[in-house]
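Novice:
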């Protein structure tokens with residue numbers, strides 16, 4: 365046990381003695397004392413749960429607000445609002461050349477990056493000639509090929525002829541990078557909601 369842990373233990377015991385002695389000094393019946401203690405335990409347990417799951421509660425609250433207020437707007441020109449997922453990231457469903465694709469929105473990615481399987485299934489024009497491009501990712505360096513996406517749609521936002529990198533080393537991951545985000549009027553994070561303005 366470290367010195368800090370010893371001090372915390374002493375403080376904890378002292379707090380329990382203080383609370384216990386104050387309850388005994390009031391000379392309440394055991395049943396009433398038990399109810400009071402149980403009430404305080406319930407209050408602290410509720411506060412602990414709220415604090416421990418504050419992120420998940422925030423995400424759920426954002427989704428409830430978006431659903432209740434009808435802000436999942438798909439109208440042309442209207443901002444697209446995307447709630448943060450439980451993993452702390454923003455995921456968007458979209459299409460590439462009409463084929464459904466799920467994207468991780470990554471403002472740290474300079475260019476949109478697709479898995480080889482996704483690119484081939486969506487008919488992305490992949491340049492397999494010449495040397496591959498070396499791409500730095502959060503998981504290290506990977507080799508990729510350049511590609512061009514004919515039509516990229518996310519909600520009501522449509523962009524044509526978007527550059528991309530294609531790599532089998534991405535697995536099933538598809539990243540929507542800054543070359544897409546920079547075509548927007550603006551994008552921002554409001555609490556646990558990503559707002560994309562076309």
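Residue numbers (the numbering used here): 365 to 562. Glycine residues also receive a C-beta, built at the ideal position from the N, C-alpha and C atoms.
Which value, in whole angstroms, describes the spacing of the CA atoms of residue 520 and residue 441?
Specialist: Cα to Cα, residue 520 sits roughly 7 Å from residue 441.
Novice: Inspect the CB distances between the stretch 463-475 and the stretch 539-552 and report whether three or more fall short of 8 Å.
Specialist: Yes: at least three Cβ pairs fall under 8 Å.
Novice: Note down the Cα distance separating residue 493 from residue 473, rounded to an integer number of angstroms.
Specialist: Taking the straight line joining both Cα atoms gives about 24 Å.
Novice: On the CB-based measure, 16 or more other CB atoms within 10 Å of its CB, does residue 385 come out buried or exposed?
Specialist: So residue 385 counts as exposed.
Novice: From residue 451 to residue 421, what distance separates their C-alpha atoms?
Specialist: Their Cα atoms are separated by approximately 13 Å.
Novice: Near residue 434, what residues of its chain come up, given a Cβ to Cβ distance below 7 Å and the 5 sequence neighbours on each side ignored?
Specialist: Legend: pLDDT at residue 434 = 47, less than 50; position of this residue unreliable, value from coordinates given subsequently. For residue 434, where only same-chain residues beyond five positions count, there are no Cβ hits under 7 Å.
Novice: Which value, in whole angstroms, describes the spacing of the CA atoms of residue 553 and residue 522?
Specialist: Going from the Cα of residue 553 to the Cα of residue 522 covers about 21 Å.
Novice: Can you check which of these residues, 485, 562, 511, is closest to residue 497 by C-alpha distance?
Specialist: For residue 497, the nearest C-alpha among the options comes from 511.
Novice: Do residue 507 and residue 531 have their CB atoms nearer than 9 Å?
Specialist: Yes.
Novice: In the DSSP assignment, what residue or residues form a beta bridge with residue 517?
Specialist: Residue 517 is bridged to 459, 522.
Novice: If residue 517 and residue 458 are in contact, beta carbons under 8 Å, what's the gap, nearest whole angstrom?
Specialist: Indeed they touch by this definition, with Cβ atoms about 5 Å apart.
Novice: Tell me which same chain residues have a C-beta within less than 6 Å of the C-beta of residue 513, skipping the five on either side of it?
Specialist: Taken in chain order, the residues that qualify are 460, 488, 526, 528.
Novice: Does the beta-carbon of residue 509 have 16 or more other beta-carbons within 10 angstroms, so that it is buried, or is it exposed?
Specialist: By the neighbour-count rule (16 or more Cβ atoms within 10 Å), residue 509 is buried.
Novice: With a CB to CB cut of under 7 Å and the five nearest residues on each side skipped, what residues in its chain are close to residue 454?
Specialist: 446, 448, 469, 558, listed in sequence order.
Novice: Helix, strand or coil, according to DSSP, for residue 340 in the structure here?
Specialist: Absent from the structure is residue 340, since the part of the chain shown begins at 365 and ends at 562.
Novice: Just to confirm my understanding: we take residue 540, look at its own chain, exclude 5 residues before and 5 after, and list those with CB closer than 6 Å. What are they?
Specialist: So the qualifying residues of the chain are 467, 469, 476.
Novice: Apart from the five residues just before and just after residue 537, which ones in its own chain have a Cβ nearer than 7 Å to its Cβ?
Specialist: So the list reads 468, 479, once near-sequence residues are dropped.
Novice: Which one or two residues does DSSP pair with residue 512 in a beta bridge?
Specialist: DSSP lists 489, 527 as partners of residue 512.
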